Amino acid sequence: MEALLPINKSNTRLIIVHHSLPLSLQNVGDGGYWSFHDRNLASLASSVHLLKKNNIINDYIWVGCPVNDQFQPLSGTGNDDSEEESNRLYSLLVENDCNPVETINQKLYEDAVINFTHKFLKNIFHYEVSESRFDEGHWSSYKEFNRQFANKVLQLYRPGDIIWIHGIELLTLPRLLRKMSPSMFVGLFLHSPFPSVEVFRCVSSRKQILKGMLGANLVAFQAYSYSRYFCQSCTRLLGTPAGFDSVKFNDKTDDKNSINGGGVGSHRNNERITKISVFSEGIDPNITLQILSQESTKQRINELKETFKGKTIFISKDQGEANEGTKNKLLAFEKFLKNNPSLVKDVVLFLICEPINNNNSLNASSSISGSGSNGGGSNGSSPGHSMNSSYNGLNFSGFASSCGFTSSSCNGNGANNRKDKVISMINETVARINGEYGKVGTIPIQYINRFVDYEEICSFFQVADILLSAPLREGMNLDTHDFVVSHRIKNDGDKPGILILSEFDGASRCFGGAILVNPYSVNQISQGIETAFHLKNEEAIIKHNQNVEYVMTNTSYLWGEAFLYDILSLQDQLQSQQQEMVDTCYLDIKVLDKAYRLSDRRLLIFDYDGAFKSFQQQPSPSTTTQENQQSQYLPAKIANILKKLSKDTKNIIYVITSRDASTFGNLLENIPGVGLGCEHGSFLKSSTGIHGGSGEEWQNLSEGIDLSWKEMVVPILEHFCERLPGSSLVVNKVTVSFSYENCFSEYSSDNAQELLTTLMEVAGKTPIDISNSNKIIEIKPSGIGSSIAMKKVMEENPEIDFMLCIGDEKTEEGVFDLLDRLNPNHFAVSVGKKKSYTKYFVNNQNQVLSMLELVSNYLNVSSPPSFSFINSISLKAKSSPMVETSTPNLNPPPYSLPT
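Going by my numbering, the first residue of the sequence shown is number 341, and it counts up by one from there.
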């Protein structure tokens, strides 16, 4: 991966944004050390530390609130809350690359993070919809929380920095940063699952959240299913075109309501593409192995082995929202004991339920930590991040108070009653099982209901034989990685560690050697326990080796490197595109005319809708049948110009369209010298270029392509066509189009977005491409396109020395790519400059027609005329089935394209 990173990027600085800073100051002996209180943050910390160590980045800083994972102020041992101490602690934080958001007070943090995010949004993301209640006040606090983070990031930002945002607490932050500084490069990573569209729709602020996320250049998830749900939500709720790796979003903002405010409000179209990626998070195995090599850890492991000698040890570790799945694991273990009474004395379950609000977590951490500034300590502590020992005796409480945080305000008193009931039920179940199956000296379940530091967890993992991890929903459980690494150093002959994983845990996609179970099924979990217990050693070794290989390869370093690779690649692509946009210029007709007249063989490509559609009279329900039939003829002015151009034997002319061959062939039947490309290049007709085989007029370039997908797609479209009055369905030989242009129902857009979501599901199973533009949804098989057809024309005519291609932003990009920007005889012209990367542009289709009329009427003129005479040309000629044969009497004055 490192070799693939864009070169000369070692000067990059990362700004890591998380709702809380990943440290607490612990005094151990003569110094303090960093204590990463969250396992995901420990992974992130080790990742950026290694990226800097390996010169992949130049530096990094953290932005967050000075609180711990129990939502309490960081505290040490001192009692001095003086302003001087607060200032010294603030300096200490900054010196250690941590930048607190000082403007966030206690009330805002509690409403935004605890009440909205953890008690509402996290429940939605973990599919606990019935227990979620949306509060408008908490949502307002959430937006304000993100806004203040945006202000802080903007203060710290330097051109060239890359912003890496983490967590669902800051989902609207990317868009705020985009408004403040459009040139920022922002990445967003979700550690949690992303729910299916039907669940995410339950969030009242769903659209604002999606728009906020799409402000990032890159949005990354733990698993492909989460990224697919996100894309489907964008399509269903915002109507945005979404593929499997990107979402195109037109962010229409009002300057009056922008972050900076002020000025006259004006709507701007900011269409951009957000890349969607999947980076499964990993750990740094060396940290785990280093902790296992410590003498205190070895001693603890020996004690556990002696205490539980001869027993098969199961271990289960849950925290916070995962406790809901703990009861099913207990019932499954009880069923296993009931079905195997002879094994009761031979098995034991270490059940660890860490409460998410624990007032004694920091004290527990310091009591078991090793000595020295680099000693391993709390959950996920990362060696090598020592703090300045000259600040011994200082505490964070004064600084936290100055930021608006107090212990009494963040003690978790508003705990969810349902969660309390679950914990009570767990306690009762443990007591019942131990009472029924326990004997003197034999207790089936060893229950730990407290915070367990990382050193002790590694000891438990090393002695345990089987890890039982069955949360109802989880992004990525890194305990599985630690368990696998802990078993890497076992002695030969020992039974390797076995994983039993929930199929709804992101880790289940990573470990090929795991036994997967449905966490909602007690029977399946119990069967998984029995399978793991009776697994033969040879098979267990194979499974374990697969798991070890994954963990040792997909480390936290590789995770961070993958993120950098994607976002730096996007940065290079955008810079290249911006350079092309800078090079895009208004078409100089004199240059075009000169190149045209001096060439010997020309290829002229016109996208009909992009170049001529505005002149085509559209059928109207209020007109007569005869008038509608009249509108199917080519306008006389276009017909005249194409006829004149086709008479020049040096020209090869093609008009391309998405329409079917029969309809479009009739439209241009009076101009035999013009070639046609229909149904996105599926069918080709020409009198000067390619001829169909066996004397056929049309050549079928899509012959042999699998069209079985139409059997699935057409019934879906017919169903939605029945639901949407005014919609229409056109089934061509190769392509299919669905139009809802004439639908005026209040829910027509919602139905269309639902249709797009359904079609995306089909596209995941069949090779089709889907486009949605101007209320027309088109479906075509992958592997066909107008660019492929035109490339074939070029290969059949290698003598071509002049190319002119005219279209608009909806024209297939590959057609424009056939032209060489550096070739002075290649003219890729877009109608309108918006987000088109062609070399030239004109303002509108009137100018296209005027330009072509000039070229067609002055083929033999020795010098090009001036352009202002075009203003005298009438572009309002009536449609006629007959092509005019007379040449208009043009007496040109000075020359400019009409506006």
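Note that beta-carbon positions come from the ideal geometry of N, C-alpha and C, so glycine has one too.
In this text the structure is predicted, and so the values were computed from the model without any measurement.
One or two residues paired with residue i in a DSSP bridge
{"i": "glycine 404", "result": "Pro440"}
{"i": "isoleucine 454", "result": "DSSP, once it has assigned bridges, lists no residue as partnering isoleucine 454."}
{"i": "glycine 527", "result": "Trp504 and Leu558"}
{"i": "serine 1026", "result": "DSSP output for serine 1026 lists no bridge partner at all."}
{"i": "threonine 782", "result": "Lys779"}
{"i": "proline 1121", "result": "Ile1108"}
{"i": "histidine 359", "result": "For histidine 359, which the question treats as bridged, DSSP gives no partner whatsoever."}
{"i": "methionine 1143", "result": "Leu943 and His1166"}
{"i": "glutamate 814", "result": "Asp845"}
Contact set for residue i: own chain, Cβ-Cβ below 7 angstroms, skip 5 residues either direction
{"i": "valine 888", "result": "Val824 and Arg828"}
{"i": "proline 535", "result": "Ile464, Phe465, Tyr467 and Tyr569"}
{"i": "glutamate 664", "result": "Val762 and Leu812"}
{"i": "leucine 856", "result": "Leu841, Glu843 and Ser848"}
{"i": "asparagine 991", "result": "Arg942, Leu944 and Leu985"}
{"i": "valine 1054", "result": "Val1071 and Val1076"}
{"i": "valine 1188", "result": "Ala951, Ile1146, Val1171 and Val1182"}
Rounded separation between residue i and residue j - CA only
{"i": "serine 749", "j": "isoleucine 785", "result": "The pLDDT assigned to serine 749 is 44, lower than 50, so where the model puts this residue is not dependable; a value taken from the coordinates is nonetheless given after this. Between serine 749 and isoleucine 785, the C-alpha separation is close to 36 angstroms."}
{"i": "glutamine 562", "j": "proline 514", "result": "19 angstroms"}
{"i": "alanine 556", "j": "leucine 528", "result": "6 angstroms"}
{"i": "asparagine 655", "j": "serine 1022", "result": "Asparagine is not the amino acid found at residue 655; the sequence shown has isoleucine there. The alpha-carbon atoms of isoleucine 655 and serine 1022 are separated by roughly 60 angstroms."}
{"i": "glutamine 886", "j": "threonine 1151", "result": "48 angstroms"}
{"i": "aspartate 591", "j": "isoleucine 1056", "result": "30 angstroms"}
{"i": "glycine 712", "j": "lysine 393", "result": "Reliability fails at glycine 712, whose pLDDT of 32 lies under 50, so the model's placement of it is uncertain and no value is given."}
{"i": "asparagine 1112", "j": "isoleucine 1119", "result": "9 angstroms"}
{"i": "serine 360", "j": "lysine 483", "result": "16 angstroms"}
{"i": "glutamate 1250", "j": "serine 1002", "result": "Any answer about residue 1250 is impossible in this case: the structure gives the chain only from 341 up to 1239."}
{"i": "arginine 790", "j": "threonine 666", "result": "15 angstroms"}
{"i": "leucine 982", "j": "serine 1088", "result": "39 angstroms"}
{"i": "asparagine 626", "j": "valine 803", "result": "19 angstroms"}
{"i": "proline 1164", "j": "serine 939", "result": "11 angstroms"}
{"i": "leucine 550", "j": "arginine 1063", "result": "27 angstroms"}
{"i": "histidine 821", "j": "leucine 433", "result": "30 angstroms"}
{"i": "glycine 353", "j": "methionine 892", "result": "Correcting the residue type first, residue 353 is arginine in the shown sequence and not glycine. For arginine 353 and methionine 892, the distance between alpha carbons rounds to 27 angstroms."}
{"i": "serine 532", "j": "isoleucine 454", "result": "16 angstroms"}
{"i": "leucine 511", "j": "methionine 1052", "result": "36 angstroms"}
{"i": "aspartate 658", "j": "isoleucine 1110", "result": "43 angstroms"}
{"i": "serine 386", "j": "glycine 778", "result": "42 angstroms"}
Candidates the options, of which the one nearest residue i by Cα
{"i": "glycine 1015", "options": "Val1076, Leu644, Lys990 and Ser986", "result": "Ser986"}
{"i": "proline 1121", "options": "Trp1049, Ser1190, Phe1078 and Val1182", "result": "Trp1049"}
{"i": "leucine 1069", "options": "Ile945, Met1130, Arg999 and Ala1129", "result": "Arg999"}
{"i": "glycine 1129", "options": "Met1191, Phe1084 and His1020", "result": "According to the sequence shown, residue 1129 is alanine rather than glycine. Among Met1191, Phe1084 and His1020, the Cα nearest to that of alanine 1129 is on His1020."}
{"i": "glutamate 796", "options": "Ala872, Gly846 and Phe690", "result": "Phe690"}
{"i": "asparagine 980", "options": "Gln867, Ser1190, Ser521 and Thr924", "result": "Ser1190"}
{"i": "valine 684", "options": "Glu611, Phe873 and Lys519", "result": "Phe873"}
Contacts around residue i, its chain only, beta-carbon distance under 8 angstroms, and the 5 residues preceding and following it disregarded
{"i": "serine 383", "result": "Glu621, Gly622, Ile623, Asp624, Gly720, Leu818, Ser896 and Trp899"}
{"i": "valine 688", "result": "Phe648, Lys651, Thr652, Ile653, Phe654, Ile783, Pro784, Ile785 and Gln786"}
{"i": "glycine 308", "result": "Here the chain covers residues 341 to 1239 and nothing more, so residue 308 does not appear."}
Cβ neighbour criterion (16 or more within 10 Å) applied to residue i
{"i": "asparagine 1082", "result": "exposed"}
{"i": "lysine 459", "result": "buried"}
{"i": "glycine 1260", "result": "Only positions 341 to 1239 of the chain appear in the structure, and residue 1260 is not among them; the question remains open."}
{"i": "cysteine 405", "result": "buried"}
{"i": "glutamine 639", "result": "exposed"}
{"i": "tyrosine 926", "result": "exposed"}
{"i": "glutamine 913", "result": "exposed"}
{"i": "leucine 904", "result": "buried"}
{"i": "arginine 498", "result": "exposed"}
{"i": "valine 538", "result": "For the record, residue 538 in the displayed sequence is glutamate; it is not valine. By the neighbour-count rule (16 or more Cβ atoms within 10 Å), glutamate 538 is not buried but exposed."}
{"i": "glutamate 1139", "result": "exposed"}
{"i": "alanine 771", "result": "exposed"}
{"i": "cysteine 574", "result": "buried"}
{"i": "glutamate 509", "result": "buried"}
{"i": "proline 975", "result": "buried"}
Same chain, Cβ closer than 6 angstroms to residue i, five either side skipped, listed in chain order
{"i": "threonine 613", "result": "Checking the sequence, you will find isoleucine at residue 613 rather than threonine. Once the five neighbours on either side are set aside, the close Cβ partners of isoleucine 613 are Ser586 and Lys588."}
{"i": "lysine 1173", "result": "Phe1181"}
{"i": "asparagine 351", "result": "Asn398"}
{"i": "glycine 852", "result": "Gln886"}
Within-8 angstroms CB hit, residue i to chain C
{"i": "alanine 582", "result": "Among the chains in the structure shown there is no chain C, since it carries only a single protein chain."}
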